[in-house]
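Numbering (the numbering used here), first residue to last: 46 to 142.
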């Protein structure tokens with residue numbers, strides 16, 4: 046009878062140890078759930094970015110207006126019949142020196 050009690054207590058201690066500290070413990074499961082939630086948030090952000098980039102690609106493939114806008118804003122290109130005017134703010138130029 047005494048040996049059954051001792052074995053039961055040792056089994057209970059072993060199972061409690063695994064529950065609180067060992068591999069697959071409650072704290073480890075909670076940490077993994079937090080990591081999963083973080084990855085879901087990161088995936089949502091990346092999914093939105095990918096959708097935005099896909100829309101931009103479609104716009105560039107289908108419309109010449111988007112290509113023209115990019116060429117003007119990013120590359121400083123102008124059309125043949127246009128005149129380019131550059132306005133310099135001298136107060137900003139002097140403050141940078």
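C-beta: ideal position from N, C-alpha, C; glycine also.
| Item | Value |
| --- | --- |
| Delimiting residues of the alpha helix (DSSP H) encompassing residue 103 | 71–107 |
| Pairwise C-alpha distance: residue 126 and residue 111 | 20 Å |
| Local conformation of residue 127 per DSSP, three classes | coil |
| Alpha-carbon to alpha-carbon, residue 117 and residue 82 | 42 Å |
| Nearest residue (CA-CA) to residue 124, options 132, 133, 114 | 114 |
| Extent of the continuous alpha helix (DSSP H) to which residue 54 belongs | 47–65 |
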